[in-house]
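Chemist: First residue of the sequence shown? That's 1316 in the numbering used here, and the numbers climb one at a time after it.
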Amino acid sequence: MTENRFWRLDRHPEGDDFAAALSLQSETLPPIGEGQIRLKNEYLSMDAGTRMWMGEREDGYQPPLPLGSPMSGQSIGRVVESRDDRFAVGSLVRVFGQWAEYSTVVPDEAWAVTLDDDVPDIRQHFGVLGLNGWTALYGVRDIIGLVEGDVLVVSAAAGATGSLACQIGRNLGAKVIGIAGGPEKCAILTDRFGVDMAIDYKNEDVAERIVAFGEAPTAYFENVGGAILDAVMPNMALKGRIGVCGLIAGYDRDEPMPGPKHFDQVLMKRLRIEGIFLPDVPEKGPELYERLLGWLREDKIDLPFDITEGIENTLVAYGRMMTGKNVGKTLLKL
Ligand SMILES: NC(=O)c1ccc[n+]([C@@H]2O[C@H](COP(=O)([O-])OP(=O)(O)OC[C@H]3O[C@@H](n4cnc5c(N)ncnc54)[C@H](OP(=O)(O)O)[C@@H]3O)[C@@H](O)[C@H]2O)c1
């Protein structure tokens, strides 16, 4: 008999009070059913977007998680039991499953993928080679349509998705302006991720710094919304393109985020705005993966990890990411 600890969503969180909303539960796992596989998880991915389905809003890109459900999220683990011939016992697999020690899933319902063990760091299957990397490359290259010579602004630029968007922008020949909270993160943006200018939105006037760069941004990879969007939008170049990847400043709201203050600039500057959502284009996965793996092997892309250990500390890891204590990809190691 295998004991499994998992996190359950008991109530909708208020702000960042995740401890009052989720509880660690224990269960004895039944044998797996026909068509299922079971993973012993090694890492849980902390993803900011999951905050949306902890809440009650029905108009997100994913329906709210019913209260009383195991908290859902991505994990990587080894298959320990399999009733699906495509997934051999012992293989490394990524699933969209639960925040749990073991994930029991039907592979096709959980987007299960067998992973290559022979990569520089298997944790990159969440980062450069996973959802964050794929979203950043698809967003920067295909949605924004970045070309050499563009000036790209990236918000939440020291986080997982943002730091990859910065480096992809640089690799594609753009000048990059990264926006992040605090001088330490800004130093990492310039020293490690190679941005041309870093803006500390907690201590600097974002609009003034963008103007001071001397070239108006032609492209914007948006992860935050709110005050940062309001500072960047009126300073975009004519015909600028904005890819909206995330709006983390509003994820703890129960009502829609107020519209951008300078929406009129869409007309005045003939801006184009489009959302970025990777599940729209599953067929692009293999090509995105190969491109990113090539950059990883050539040391042209890099993603540090912010690791917390132990299932009982999952909310510590999650809180670090949601309150900006992380640099790069936040993971829970089991
Ligand atoms: N569309 C998609 O399919 C997709 C896929 C992956 C990620 N995303 C989006 O990408 C964004 C980043 O997600 P991630 O999982 O990679 O997390 P992350 O960037 O590693 O961590 C979140 C970061 O957001 C910043 N932040 C938090 N609250 C903020 C606020 N109120 N104002 C400004 N910045 C704030 C913090 O950095 P600072 O210290 O700099 O504030 C924090 O480090 C999210 O908006 C997420 O929804 C979208």
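Beta carbons are placed, not taken as given, at the ideal position from N, Cα and C, and that holds for glycine.
(1) Could you check where the beta strand (DSSP E) with F1306 kicks off and where it finishes?
(2) So does the region 1347-1359 actually touch the region 1373-1386, counting three or more Cβ pairs closer than 8 Å?
(3) Would you tell me roughly how many angstroms separate the C-alpha atoms of R1587 and P1549, rounded to the nearest one?
(4) Give the DSSP-derived three-state secondary structure of W1610 in the structure shown.
(5) With DSSP as the reference, please indicate the residues paired to P1549 in a beta bridge.
(6) Can you tell me which of the three DSSP states D1621 falls into?
(7) What's the gap between the Cα of K1500 and the Cα of A1472?
(8) When the Cα atoms are used, what is the spatial distance from V1596 to V1631?
(9) On the three-pair Cβ rule with 8 Å, is the region 1437-1453 touching the region 1616-1626?
(10) Below 8 Å CB to CB, which residues in the same chain sit around N1319 once its five sequence neighbours on both sides are set aside?
(11) Starting from the Cα of S1397, find the closest Cα among S1390, S1406, R1568, Q1389 and give me that residue.
(12) What do you reckon, are the CB atoms on A1451 and I1483 nearer than 7 Å?
(13) Taking the beta strand (DSSP E) that F1528 belongs to, which residues open and close that run?
Modeler: So, to answer that:
(1) The question about residue 1306 has no answer, for the chain in this structure spans 1316 to 1649.
(2) no
(3) 13 Å
(4) helix
(5) Partner(s): none; P1549 has no beta bridge.
(6) strand
(7) 9 Å
(8) 33 Å
(9) yes
(10) S1341, E1342, T1343, L1344, A1415, E1416, Y1417
(11) S1406
(12) yes
(13) Where F1528 is concerned, there is no enclosing beta strand (DSSP E), although the alpha helix (DSSP H) it sits in stretches over 1521-1528.
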